[in-house]
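Here is the structure we will look at, set down as structure tokens.
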Amino acid sequence: MWRFLEYLLIAGYIVVLLVVSHWIGDQAYSWMPVEATAEAQKVDRLFSFLTAIGAFIILGLLGMMVYSVLFFRAPKNDYSEGHPSRGDLRLEFLWTVTPTLLVLWLAFQSFNIYQQLDILGLQQIVHLHTPLEEPVYAELSDDQPKPAAETIDVFVKQWDWSFRYPNNITSNELHLPVNRRTRLNLHAKDVLHSFYVPEFRLQQYIVPGRDIDIVVTPTRMGEYQLKDALFSGTYFALMTAKVQIESFEQYNQWLTTAENQTIAWENQAVAEYKQPPKTLFKSNWYTVVPEQPAIAEKRKVRNDT
Amino acid sequence: MTHESSENIIINREPSNELENNWRQYLSFSTDHKVIGVQYMVTTFIFFLIGGLLAMLIRAELITPPSNVVDRPLYNGLFTLHGTIMIFLWIIPFNAGISNYLVPLMVGARDMAFPLLNAISFWMIPPSGILLISSFLLPNGTAQSGWWSYPPISLQIPPGQPINGEFIWIVSIVLIGISSIMGAVNFVTTIFWMRAPGMTFFRMPVFVWSVLSAQLLQLVNLPSLTGALILLLFDLSLGTQFFKPLENGDPIIYQHLFWFYSHPAVYIMALPAFGIFAEVLPAFSRNPLFGYRSLAIASLGIAIVSIFVWVHHMFTSATPSWMRMLFMVTSMLVAVPTGVKAFGWTATIWKSKLHLETPMLFAMGGAAMFLLGGVTGVMLAAVPFDIHVHNTYFIVGHFHYIVFNTITMAIFAAIYFWFPKITGRMYAEGWGKIHFWLTFIGANLTFFPMLPLGLQGMVRRISSYEPRYQGWNIVASLGGFLLGVSILPFIANMVGSCLYGQRASNNPWLATGLEWQTTSPPPRDNFEEIPVVKRPPYDYGDPKYSVIEPPDYHQQENHSR
Chain A
1 MWRFLEYLLI AGYIVVLLVV SHWIGDQAYS WMPVEATAEA QKVDRLFSFL
51 TAIGAFIILG LLGMMVYSVL FFRAPKNDYS EGHPSRGDLR LEFLWTVTPT
101 LLVLWLAFQS FNIYQQLDIL GLQQIVHLHT PLEEPVYAEL SDDQPKPAAE
151 TIDVFVKQWD WSFRYPNNIT SNELHLPVNR RTRLNLHAKD VLHSFYVPEF
201 RLQQYIVPGR DIDIVVTPTR MGEYQLKDAL FSGTYFALMT AKVQIESFEQ
251 YNQWLTTAEN QTIAWENQAV AEYKQPPKTL FKSNWYTVVP EQPAIAEKRK
301 VRNDT
Chain Z
1 MTHESSENII INREPSNELE NNWRQYLSFS TDHKVIGVQY MVTTFIFFLI
51 GGLLAMLIRA ELITPPSNVV DRPLYNGLFT LHGTIMIFLW IIPFNAGISN
101 YLVPLMVGAR DMAFPLLNAI SFWMIPPSGI LLISSFLLPN GTAQSGWWSY
151 PPISLQIPPG QPINGEFIWI VSIVLIGISS IMGAVNFVTT IFWMRAPGMT
201 FFRMPVFVWS VLSAQLLQLV NLPSLTGALI LLLFDLSLGT QFFKPLENGD
251 PIIYQHLFWF YSHPAVYIMA LPAFGIFAEV LPAFSRNPLF GYRSLAIASL
301 GIAIVSIFVW VHHMFTSATP SWMRMLFMVT SMLVAVPTGV KAFGWTATIW
351 KSKLHLETPM LFAMGGAAMF LLGGVTGVML AAVPFDIHVH NTYFIVGHFH
401 YIVFNTITMA IFAAIYFWFP KITGRMYAEG WGKIHFWLTF IGANLTFFPM
451 LPLGLQGMVR RISSYEPRYQ GWNIVASLGG FLLGVSILPF IANMVGSCLY
501 GQRASNNPWL ATGLEWQTTS PPPRDNFEEI PVVKRPPYDY GDPKYSVIEP
551 PDYHQQENHS R
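For the protein sequence lines, the chains are A and Z, in the order given.
Counting along the first sequence from 1, when you hit position 256 you're at 256 in the UniProt record's numbering, and nothing is skipped either side.
Counting along the second sequence from 1, when you hit position 62 you're at 62 in the UniProt record's numbering, and nothing is skipped either side.
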């Protein structure tokens, strides 16, 4: 009788857990920044799914621990054994096989979503320098460039982003037309950097000497911030740039305006280097001196930086 | 309160004669594994305090959005040294210390296999640590490129300064690495060859299994880091071009070599913590460790799988799709043996008789927090999600849930649990509980806010940030300061109890395990006579609480049947 009640209680707890973890999974969407690309929605769906499963496991085991603390306290000076069981092969088999299947399922889901992301213009990854191997690599690679409507070059250096558009306009703002697949060719000049716009759910390291492309499809107009996510030295925190997603007409209009006007271009790192903020402790340790971007003075650039 | 009845406790509030007489041995080049163990633990705890102070400075900077406490190069030095100290001078060598103390006792050996090598391993730690921290005194300060020291940023050094922070950093870490490799040789040899008669592999405590697994990982993976750092040093000082991208070098190769060690390093740190849970939870729940064999094998399983997961640190790092997918699966698979452990711990305390003394509080708190650290770890293995939160505070939060909320909590559980064995005195339970609650609350206040901050896109290692992130940062900073304060009752308790604590009996927790069968503290050679082991570990519920059998054990056993 007691055993039956116990099973009933556990079954009830599992049902409650399922409901609560599903609810937490739904809440997870609101923990993320707004979704500004088609890919972001898919990542958020995966995150919600992972959160729901994670919440089920955490709350399940935490619940057992808290229940134990509340109800399995030993009477004073009672050092006898609680339960004599040293193990249970069936149970141990179950809790080995179930997580195995679960992680394979998670991996499958993640793989599916990854395939749908379609962000992978990512190419030229593994350098195989021997001539014999190169054709093999080219044939086998699944990271072929994906087609895109627009192509924008992204240049990054310590501590400055710049973008070159199809009409050779260069700016320190990233303008993207909404609902159009845009290829970003990423180039780093000095050290490693990482292209990261949280609303895009996208991050990609940029390695000097390598051509790395990514393809994004912005879906939500608005202003966002591009960040350098990989530590790049003294003024790393200032490595941001404005990202503007706008209609194709506005985008074209901006390109025309930018071609005809000089846009004020302030490099935050240069400004701070010239006038450091007041801090309680000052080390005055060595830093690489940030350069005013050369391309800022020249509106049109034909060659790579 | 201890498990032993009060009349068994010898009340003695006079200073300990042994300590007074013997404190000098801790400053000597002793080859006794117990002295070396204490040397490791005390030394690394001092480094932990220094690393913690640096963390509080970082949190002070981050309490407001602009850069206003330390200038940016100093901030970069602070987080570089904080990470380096906490990993290479706190958790890894502390684990070496507690393992040093316990492994020979637990397997019934008189000492480690190579006592002299053992002493040399330890004595490389203090100079390496002092060297590393002394780099704050250099004209251009410490290394500033993070504890990963990724090139080419780590190669950007002040011109005309051959001895610079990065140089010191590399030399220190290489020395600490050599110390760890020597330690690993010693541990693996000791566990394989120095076990007492009857101490079969499946009679070894899970802690020993964990140490064996962790130290095998050190042997397999650490040379990769050492090699990478030596090449980095050549690039830095000798003008070679292994990792310089603009001169035909490849910085991504460094990342592979670095993470080939530094991911398993998380398990090198975590496995002994899991072992500590496996010792403390049964002792205070009075139950046998549930699924002992599964948990023992899971230790090796974690070690083996973790060798094949390093690329998950590089999903955004110019990594091709096939590699992303392959390492996504292997990284997720780590959840299986770690899950086995978490289920085993929970089943051990289920329907048990819990005694919530300080070691148990820390062990249960650490095991509970591991759930959050582990689940966020599986999330990070999923490539599409990792691509979003990589290098954000989500990673920092996840990582600290593992290294502080799980591992450091386990370390505190271990210190309280084996304190009577090591010092021969009891700690003050009330102070221990205050320490636990301050730590538990402080740690969650500090590290939980990092998860939502990361999801919102706050990048790690920035010294100023957008005002929209300030709310969670204030919580994290206040939590960090509380965590700093939480250490004070611990220090007071340890020092006071060492000198004036109640005398402890040999087995105050009525625990199984060979270490509890000898005196507290143990004699020079650990045991009067090498014990013969004939019973399974974790034999709780048996009135003798012992794994050593009297000579007529078989007769008694047959009789009882």
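Virtual Cβ for every residue (Gly too), placed ideally from N, Cα, C.
Note that this is a predicted model, so its numbers are computed, not measured.
Distance from the CA atom of M328 of chain Z to the CA atom of S321 of chain Z, rounded to whole angstroms, is 10 angstroms.
Within the segment 239-297 of chain A, the runs of alpha helix (DSSP H) that reach at least 4 residues and sit entirely inside it are, in chain order, 248-260, 268-274 and 294-297. In this structure, G160 of chain Z sits away from G97 of chain Z, with a CB-CB distance that is not shorter than 8 angstroms. Chain order gives the chain A residues near N76 of chain Z as T234, where near means a beta carbon separation below 7 angstroms.
Sequence-distant partners of W345 of chain Z (beyond 5 residues in either direction) whose C-beta falls short of 6 angstroms from its own C-beta, in its chain, are F277, L281 and A367. In chain order, T142 place their CB closer than 6 angstroms to the CB of F136 of chain Z, counting only its own chain and leaving out the 5 sequence neighbours on each side.
Within the same chain, H263, F327, T330, S331 and V334 come within 7 angstroms of V309 of chain Z by CB-CB distance, once the 5 residues on both sides are set aside. Your pair L255 of chain A and I169 of chain A checks out as a contact, with CB atoms roughly 6 angstroms apart and the cut at 8 angstroms. Between the C-alpha atoms of G457 of chain Z and V389 of chain Z there is a straight-line separation of about 7 angstroms.
For V191 of chain A, at least one C-beta of chain Z is nearer than 8 angstroms to its own C-beta. Put simply, the CB of L9 of chain A is far from chain Z, with every gap to its CB atoms at 8 angstroms or more. Three or more beta-carbon pairs separated by less than 8 angstroms are not found between the segment 497-506 of chain Z and the segment 73-90 of chain Z, which leaves the two stretches without contact.
Using a CB distance cut-off of 8 angstroms, I153 of chain Z counts as an interface residue toward chain A. Neighbours of Q292 of chain A in chain Z, taken as residues at a C-beta separation under 8 angstroms, are lacking, since the least C-beta distance is about 19 angstroms.
Exposure of A11 of chain A is indicated by the presence of fewer than 16 other C-beta atoms within 10 angstroms of its C-beta. Excluding sequence positions up to five before and after N493 of chain Z, its CB lies within less than 8 angstroms of the CB of Y427, A428, W431, G432 and H435, all in the same chain and listed in chain order.
Residues are counted here when their Cβ sits less than 9 angstroms from a Cβ of chain A; for the segment 443-477 of chain Z these are L451, P452, L455, Q456, G457, M458, V459, R460, R461, I462, S463, S464, Y465 and E466, given in chain order. Close partners of G480 of chain Z in chain A (Cβ separation under 8 angstroms) are lacking, with about 17 angstroms as the shortest Cβ gap.
Cβ neighbours of G365 of chain Z within its own chain (closer than 6 angstroms, five residues either side excluded): M409 and F440. Within the same chain, Cβ atoms closer than 6 angstroms to the Cβ of Y101 of chain Z are found at K34 and G37, the five residues on either side in sequence being excluded. When C-alpha distances from A511 of chain Z are compared across Z:K341, Z:N287 and Z:A318, the shortest belongs to Z:N287.
D235 of chain Z is outside the set of residues whose beta carbon lies under 8 angstroms from a beta carbon in chain A. Interface annotation, W95 of chain A: in contact with chain Z, CB-CB separation under 8 angstroms. Cβ-Cβ separation between S232 of chain A and L74 of chain Z: approximately 17 angstroms, too far for a contact (criterion under 8 angstroms).
Excluding five sequence positions before and after V16 of chain A, none of the CB atoms of its chain fall closer than 7 angstroms to its own CB. Take the alpha-carbon of L175 of chain Z and the one of S128 of chain Z: they are about 6 angstroms apart. The beta carbons of L238 of chain A and W159 of chain A sit closer together than 8 angstroms.
For H33 of chain Z, none of the residues of chain A pass the 7 angstroms Cβ criterion, the least Cβ distance being about 30 angstroms. Chain-ordered listing is empty here: chain Z has no CB closer than 8 angstroms to the CB of Q41 of chain A, the nearest sitting near 11 angstroms. Proximity of the segment 118-125 of chain Z to the segment 156-173 of chain Z falls short of the contact definition, fewer than three beta-carbon pairs being nearer than 8 angstroms. Contact with chain Z is found for P33 of chain A, since one of that chain's Cβ atoms lies less than 8 angstroms from the residue's Cβ. Residue A:V207 holds the alpha-carbon nearest to the alpha-carbon of S194 of chain A among A:N185, A:R183, A:T182 and A:V207. Residue nearest to F370 of chain Z within the set Z:F274, Z:A60, Z:R293 and Z:L451 is Z:F274 (criterion: CA-CA distance).
Proximity of P251 of chain Z to chain A, defined by a Cβ-Cβ separation below 8 angstroms, is satisfied. Membership of I87 of chain Z in any alpha helix (DSSP H) is not indicated, and neither H nor E is assigned to it by DSSP. Below 8 angstroms, enough C-beta pairs join the segment 524-536 of chain Z and the segment 196-205 of chain Z to call them touching: three or more.
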